[in-house]
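To start, the structure under review is shown below, and the notes come after it.
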Amino acid sequence: MSLITLTTDFGDYSPYAAVMKGVILSVNSDVRIVDLSHRIPPQDVRHGSYFLATTIPYFPPQTIHVAVVDPGVGTERSILLAEACGQFVLAPDNGLLTGLLDLHRPAGMWRITESHFWRSPVSATFHGRDIFAPVAARLASDPTPGHFGIAARERVRLLGQPFRVEAQRIIGCVQFIDGFGNLISNIPSDELSRLATSISVGGSELVGLHWVRTYGEAAPGELVGLISSDGFVEIAVVNGEASRRLGVAAGAAVEIIV
Amino acid sequence: MSLITLTTDFGDYSPYAAVMKGVILSVNSDVRIVDLSHRIPPQDVRHGSYFLATTIPYFPPQTIHVAVVDPGVGTERSILLAEACGQFVLAPDNGLLTGLLDLHRPAGMWRITESHFWRSPVSATFHGRDIFAPVAARLASDPTPGHFGIAARERVRLLGQPFRVEAQRIIGCVQFIDGFGNLISNIPSDELSRLATSISVGGSELVGLHWVRTYGEAAPGELVGLISSDGFVEIAVVNGEASRRLGVAAGAAVEIIV
Amino acid sequence: MSLITLTTDFGDYSPYAAVMKGVILSVNSDVRIVDLSHRIPPQDVRHGSYFLATTIPYFPPQTIHVAVVDPGVGTERSILLAEACGQFVLAPDNGLLTGLLDLHRPAGMWRITESHFWRSPVSATFHGRDIFAPVAARLASDPTPGHFGIAARERVRLLGQPFRVEAQRIIGCVQFIDGFGNLISNIPSDELSRLATSISVGGSELVGLHWVRTYGEAAPGELVGLISSDGFVEIAVVNGEASRRLGVAAGAAVEIIV
């Protein structure tokens, strides 16, 4: 049975994610649906991009991923099907695939145009139900992207959140705050060739920060710096929430003096 | 493998939904369980009714839906099995099926009475575990409703939230607020034969409202009126939350002057 | 297809639970993954212990349960595989299995040591991805615990939350507050051989409490005492939230005068 995963900002309070499951299973009952998340913050394409880049590479070849964080639904934005990591990803062409495709060069990209696979009529506000779900379900039995659209060369990219390395400092930002309140920066750990002498987040130097290998090496309540599980500089509070303690949101500047 | 879907107000913080999955799989391991939602607001039968009416019709024939929003658990309220849209729905007879069965006339209804299919003893507070789960699991291998109870003619109906059309106005209410804060009214879009000249929600006229086809046709922060994906008049704030902006809760009056 | 369940404190806002699903399916695509919960409160081992003890016994034999509430990840704490209720449970050895294994004596326990089954290199902060997921996926095709580690005799136990019975009173605590705000104490209902004459929670006597069999036997808003679905003394507010009304958190003292 083919695997179809779902990543949306619909929440599970609303019926939208459940409706997509119904449409997928009605078109092709021979698939297994795996929920990745329906709690991407509403319309937060950047969070969605990080989420997909972090999760998709772990899935087996041929998995079909459907990602719907789509504030431009019903406008001229198109829908992209990309093949990357030996898998397929279907997403609005609004930058949602920036993280994934910048890291894993796509083997191909297609713009979804073949409307006879869609539900009819197509609504102006719910393409998850009317286009994404039926296309994914049919792709599971016919993994031939060219049947669903035309080859694409361009894609929308989110403006970068670059980090830069200077003589004695590295400047980046908080790219993601996880459910524990840990701050995941966009600074790859291998840039830290020398021990940091100080680190600032959101313009404030973190006083009393300990560099550790894992959370349990410091006492509860202590502020620590470490390498995140996907290889970035991370700031955490042991058994606490760094984001709340420091009053920091995603996007905050991170500056490391080495 | 048969499909069994779950819709509850249990949350996933509590063990109750997981317990139901265990019971279902212990009775019949040859089923696929699909979560629709465990985040129906606690004991909110009206929200559950809207949710089920909006989602169930999209599922394939023979799907078995289990819905537990059940403030009257353990009292004299009975448990209803209905066949509608070629599918089965198991729910407390407390109005939870109002939306679905008002739209899709049931081919049959049964009151669950055959207690030898239940867990024993039956608790007074968790029929999801003791009755709904084992009955659904057995129904998957024996789709003969009459084996589980007796034919029923009546069902509890929620008091309507009717809309009424007058010479120059249509009066209805907000039937649902989704996870984006969009207000979904109960006024079908085809009642809007003439362009609305003004619209009020909760007694306040919405000044500066634009009528659009989809969210992206107005600027971020603008208040828009449009047709929801299931065909009702909807009020939204582009990239924002209309419910918060307007301070409106489900049930608020909606008045359209045409 | 083998069943693997997941119980974590990762939330579904973060990518961690989705990553574990990807790793499991990449190692062994022939498994069915069932989400129990990803909403155990962050690092709340006691809540996790209650959750697992309440849910696992309902699952079929041979189910593999993976539980990750793991504040000590990356430290010397080991990972335990236990066989109980004819099923397997994989969890950090931090007390998370206290509730389950105190109720259901394990047929065997092993400490996970065979690192050639793990992802390599193993991160210091995400053993869910690097150890738990691949071990569970391989255990599904080779249910021989001894292949994955060495027999263990000891396990970490949470300090008990005992109740004690005196001549005229029973003293315990609130062991769990569910999603409805119901307070589930740790006092087994069969200790209540005589009718309670008064009950206090958090030091305050509950005035006007009615003892009922089920919620619907009292009026909305009334404070009731009853037997929970897993057999403990429970305090609830009909159609309301007892935890909020009484301002009580998990762990609060419960005293019953009989």
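Chains as they are written, first to last, in this note's numbering: chain R, 233 to 490; chain W, 233 to 490; chain X, 233 to 490. Glycine included, each C-beta is placed from N, C-alpha and C at the ideal position. Predicted model, so just to flag it, every value in this text is computed and none were measured.
Selected residue, minimal CA-CA separation from V433 (chain X), among X:D422, X:Q407, X:E423:
X:Q407
Applying a beta-carbon distance threshold of less than 9 angstroms, which residues of chain R neighbour Y282 (chain X)?
Chain R residues near Y282 (chain X): none, gap ~19 angstroms exceeds 9 angstroms.
Please go through the same chain and pick out, in chain order, the residues whose beta-carbon is closer than 6 angstroms to the beta-carbon of L458 (chain R), but skip the five residues on each side of it.
Counting only Cβ-Cβ distances below 6 angstroms, and skipping sequence neighbours, we find V444, E466.
Within 8 angstroms of any Cβ in chain R, is that where the Cβ of L268 (chain W) sits?
yes
Are three or more beta carbon pairs between the region 277-294 of chain X and the region 251-258 of chain X nearer than 8 angstroms?
no
At a cut-off of 7 angstroms, would you count L415 (chain R) as near the ligand HEM, judging by its Cβ distance to the nearest heavy atom?
Absent from the structure shown: the ligand HEM. Ligands present: none.
Given a limit of 8 angstroms on CB to CB distance, which residues of the region 286-317 of chain X reach chain R?
P303, G304, V305, G306, T307, R309
How far does the alpha helix (DSSP H) with V367 (chain X) in it extend, from its first residue to its last?
365-373
C-alpha distance - C317 (chain W) paired with L415 (chain W), whole-angstrom precision
27 angstroms
Just checking: is the beta-carbon of S347 (chain W) within a distance shorter than 8 angstroms of some beta-carbon in chain X?
no
Under 8 angstroms, do F291 (chain W) and L257 (chain R) count as touching if we go by C-beta distance?
yes
Residue ranges of each beta strand (DSSP E) run of no fewer than 3 residues wholly in the region 321-365 of chain R, ordered along the chain?
Complete beta strand (DSSP E) runs here, min 3: 340-344.
Spell out whether any CB of chain R is found under 8 angstroms from the CB atom of N471 (chain W).
Interface residue, yes.
What are the start and end residues of the beta strand (DSSP E) that includes T240 (chain W)?
234-240
Counting contacts by CB-CB distance shorter than 8 angstroms, is F464 (chain R) in contact with chain X?
no
Closest Cα partner of L455 (chain R) within the set R:D462, R:V470, R:E449
The shortest Cα separation from L455 (chain R) among R:D462, R:V470, R:E449 belongs to R:V470.
Secondary structure at L390 (chain X), three-state DSSP: helix, strand or coil?
coil
Identify, in the order they occur along the chain, each residue of the same chain with its Cβ nearer than 7 angstroms to the Cβ of G483 (chain W), setting aside the five sequence neighbours on each side.
C405, V406
So, helix, strand or coil for H442 (chain X), using DSSP?
strand
Return the bridge partner residues of H297 (chain X) from the DSSP annotation.
X:T237, X:V321
Ignore the nearest five residues each way along the sequence and tell me which others in V298 (chain R)'s own chain have a CB closer than 6 angstroms to its CB.
L238, L322, F364, A368
Does any residue of chain X have a CB that is nearer than 8 angstroms to the CB of P366 (chain W)?
no
With which residues is V383 (chain X) paired in a DSSP beta bridge?
The sequence given here has Ala at residue 383 (chain X), not Val. In DSSP, A383 (chain X) forms a bridge with X:W342.
Residues of the region 429-462 of chain W with a CB closer than 9 angstroms to any CB of chain R: list them in chain order, please.
V444, R445, T446, Y447, G448, E449, P452, L458, I459, S460, S461, D462
Counted within 10 angstroms of its Cβ, other Cβ atoms place L328 (chain R) as buried (16 or more) or exposed:
buried
Continuous beta strand (DSSP E) stretch holding I488 (chain R): start and end:
485-489
Output, in chain order, the set of chain R residues within a Cβ distance shorter than 9 angstroms of D410 (chain W).
F242, G243, Y245, S246, P247, Y248
Which same chain residues, not among the five before or five after L427 (chain X), have their C-beta less than 8 angstroms away from its C-beta?
Excluding positions up to five away in sequence, the list reads W443, V490.
So which residues on chain R does R271 (chain W) lean against when the C-beta distance must stay under 8 angstroms?
Correct list: G243, D244, Y245.
Can you pull the DSSP bridge partners for E315 (chain X)?
X:F320, X:G340
The beta strand (DSSP E) with L458 (chain X) in it runs from where to where?
455-459
According to DSSP, is D267 (chain W) helix, strand or coil?
strand
Own chain residues within Cβ distance below 8 angstroms of P377 (chain R), not counting five before or after:
Within the same chain, P377 (chain R) has close Cβ partners L313, E315, F320, G340, W342, L371.
Which term fits G306 (chain W), buried or exposed, when burial requires 16 or more other beta carbons within 10 angstroms of its beta carbon?
buried
Going straight from the alpha carbon of D267 (chain W) to that of D276 (chain X), what length do you get?
25 angstroms
Buried or exposed: which applies to I272 (chain W), given that a residue is buried once 16 or more other Cβ atoms fall within 10 Å of its Cβ?
That one is buried.
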